[in-house]
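Visitor: Chains as they are written, first to last, in the numbering used here: chain A, 1 to 231; chain B, 1 to 231.
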DNA sequence: CGCGGTGTTGACAACAGTCAATTACTGTGG
DNA sequence: CCACAGTAATTGACTGTTGTCAACACCGCG
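1. List the residues of chain B that residue 35 (chain A) touches, going by C-beta distances under 8 angstroms, in chain order.
2. Since residue 76 (chain A) meets chain B, which of its residues come closer than 7 angstroms, beta carbon to beta carbon?
3. Per DSSP, residue 171 (chain B) is paired with what?
4. Using 10 angstroms around the beta-carbon of residue 1 (chain B), count the other beta-carbons present and answer buried if the total reaches 16, otherwise exposed.
5. With 16 as the cutoff for other CB atoms within 10 Å, does residue 41 (chain B) come out buried or exposed?
6. Would you list the residues sitting across from residue 101 (chain A) in a DSSP beta bridge?
7. Between residue 127 (chain B) and the rest of its own chain, which residues show a CB-CB distance below 7 angstroms, the 5 nearest in sequence each way excluded?
8. To the nearest angstrom, report how far apart residue 48 (chain A) and residue 175 (chain B) are at their CA atoms.
9. Taking the alpha-carbon of residue 165 (chain A) as reference, which of A:26, A:202, A:50 has the nearest alpha-carbon?
10. If you measure beta-carbon to beta-carbon, which residues of the region 48 to 78 of chain A are closer than 7 angstroms to chain B?
11. Can you list, in chain order, the residues of its chain whose CB lies under 7 angstroms from that of residue 89 (chain A), leaving out five sequence neighbours each side?
12. Identify the contact partners of residue 143 (chain B) in chain A, using a Cβ-Cβ distance below 7 angstroms as the criterion.
13. Could you round the C-beta distance between residue 296 (chain A) and residue 98 (chain A) to whole angstroms and report it? I think they count as a contact, below 8 angstroms.
14. Scan the region 141 to 169 of chain B for residues whose Cβ lies nearer than 7 angstroms to a Cβ of chain A and list them as they occur along the chain.
15. Could you work out which residue in A:207, A:228, A:223, A:10 is closest to residue 116 (chain A) when comparing CA atoms only?
16. At least one CB of chain A closer than 7 angstroms to the CB of residue 134 (chain B): is that the case?
17. Residues of chain B with CB closer than 9 angstroms to the CB of residue 18 (chain A), please, in chain order.
18. Since residue 93 (chain A) and residue 32 (chain A) are thought to touch, with beta carbons under 8 angstroms apart, how far apart are those beta carbons, to the nearest angstrom?
19. Bridge partners of residue 178 (chain A), per DSSP?
20. Quick check on the burial criterion: 16 or more other C-beta atoms within 10 angstroms. Buried or exposed for residue 108 (chain A)?
21. How long is the line joining the alpha carbons of residue 216 (chain B) and residue 74 (chain B), rounded to whole angstroms?
22. May I ask which residues mark the beginning and end of the beta strand (DSSP E) holding residue 27 (chain A)?
23. Using the rule of at least 16 other Cβ atoms within 10 Å of the residue's Cβ for burial, across every protein chain shown, is residue 188 (chain A) buried or exposed?
24. Under a CB-based cut-off of 7 angstroms, is residue 198 (chain B) close to chain A?
25. Would the beta-carbon of residue 222 (chain A) fall within 7 angstroms of that of residue 152 (chain A)?
26. Reducing DSSP to helix, strand and coil, say where residue 1 (chain B) ends up.
27. Applying a beta-carbon distance threshold of less than 9 angstroms, which residues of chain B neighbour residue 225 (chain A)?
28. Using CA atoms only, rank isn't needed, just tell me which of A:161, A:103, A:120, A:101 is closest to residue 110 (chain B).
29. When DSSP labels each residue in this structure, what does residue 223 (chain B) get in the three-state scheme?
30. Measuring alpha carbon to alpha carbon, tell me which of B:186, B:173, B:20 ends up nearest residue 150 (chain B).
31. I'd like to check one pair, residue 171 (chain A) with residue 213 (chain A): are the Cβ atoms closer than 7 angstroms?
Next comes the structure, spelled out in structure tokens:
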């Protein structure tokens, strides 16, 4: 499971596969809406999500929330570097969450003369992918119109979930409330609602019992100004 | 000069100071508005800015531009990891630019058993600082109103420039056109103009011949919902 | 059955982009 | 020294968008 995911970034040795298997054996579970960072004692943050969705977010003094990045299965969460500056934002579980310790992975990536070159390459690629996704988020918030912004997010989620085998026939399970979507997209809840309806009316996508279906990929790509920014 | 800047992140050995001095000796210069990444041949991208401003940006298919991050003196630009995914965005010089090769720095930071522990710590801190700044940009674009967004950017610039000694008595030189500001803030040019005037009318800040003066830090902090996200 | 969270809708006001015209401000060449 | 062109900044009028408020429907749950 974990090994398959890593294999999409770099080929792994048997030892590396075994290491991942060991990690998976020691998974932890977290209830939804519990802050992962707040209780540093509960878990030491470099972790990888195995199942469920989480969000990296900032709170504003006036109580508003902005979600920086949605964290999906296969994503790393928590401070990756060795130096800890004061955390700029927190991570919260949006659904029931299953995670494994990512410290061995991060250390493998940092090693100058890697014992586990495959893991190192994979983790480094993941970090870069993550940076690219942050760029996408900035572009969405800064320059995309209503429909494009929503469509772009859906396409990104579809792509990311597809990589870990969680997207089927142009659709995927989407456990987010419109409220959370609003905090990702920088919209009001009402506006999220209307935007979704517009896209549905245009026959571009469909949302049925917690599942998104992308009905016309071509037109969605066009609307979102989609460029494949990462491989 | 470079050494002083690094010292604000970690204390350096004599050898490390010397290394920085050597780097500074081999500075390169770039004319404004020339794309730093386009011509990979001209310079190999992990570089550090010594003087001048640059911008990391993305182009949208429809010709719009979104600036992801302004790069100031002391900032690293270019891919930092060892794995090169297809670049998600480019970097352009906004002014006359002076840069030095940052490869030795990045390598020092990556070393598992650092020959230059001071440099390693400093570079790692810079990378984290950079991540925090990306978060700030996302929050600005997603959740801040007109005035707050502008004020927040000015406060960030003031802080970042202050760290490298380029801010004096609550003011700093600001070589950006309103057009560029618009591409940073996700505004239209006209809206940038009006926002600046509003802030000026409110006595919060002043822009005179390429120099920004923050007149009432308290009220600016309040308006921007400022929280010190990085040390 | 009532309750709280979620999704949906309409009315309305404030906001922010576009267009277009005007005014600086620059460096250039005559 | 002035005329000129090109860029940047500014302004007003107008329009479309987006947030806010408030009400209502729906659903799972105690």
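From the three backbone atoms N, C-alpha and C, an ideal C-beta is built for every residue, glycine too.
Guide: For this structure:
1. Contact note: residue 35 (chain A) does not reach chain B at a C-beta cutoff of 8 angstroms; the least C-beta distance is about 16 angstroms.
2. Chain B residues near residue 76 (chain A): none, gap ~13 angstroms exceeds 7 angstroms.
3. B:168, B:213
4. exposed
5. Since pLDDT at residue 41 (chain B) reaches only 40, below the 50 mark, its modelled position is unreliable, and no value is offered.
6. Its beta-bridge partners are A:47.
7. 80
8. Rounded to the nearest angstrom, the two C-alpha atoms are 42 angstroms apart.
9. A:50
10. For the region 48 to 78 of chain A, which is checked against every Cβ of chain B, the residues closer than 7 angstroms are 58, 60, 61, 62, 64, 66, 68.
11. 56, 57, 58, 68
12. The contacting residues are 60, 64, 66, 186.
13. Nothing about residue 296 (chain A) can be reported from this structure: the residues present for chain A run from 1 to 231 only.
14. 141, 142, 143
15. A:10
16. Interface residue, yes.
17. In chain order: nothing, as chain B lies at least about 22 angstroms away.
18. 5 angstroms
19. In DSSP, residue 178 (chain A) forms no bridge with anything.
20. Taking all protein chains shown into account, residue 108 (chain A) has 16 or more neighbouring C-beta atoms within 10 Å of its C-beta and is therefore buried.
21. The alpha-carbon atoms of residue 216 (chain B) and residue 74 (chain B) are separated by roughly 27 angstroms.
22. Premise fails: residue 27 (chain A) is in no beta strand (DSSP E) and is neither H nor E.
23. Label assigned to residue 188 (chain A): exposed.
24. It does not; no Cβ of chain A falls within 7 angstroms.
25. no
26. coil
27. 60, 61, 62, 64
28. A:120
29. Reduced to three states, the DSSP call for residue 223 (chain B) is helix.
30. B:186
31. yes
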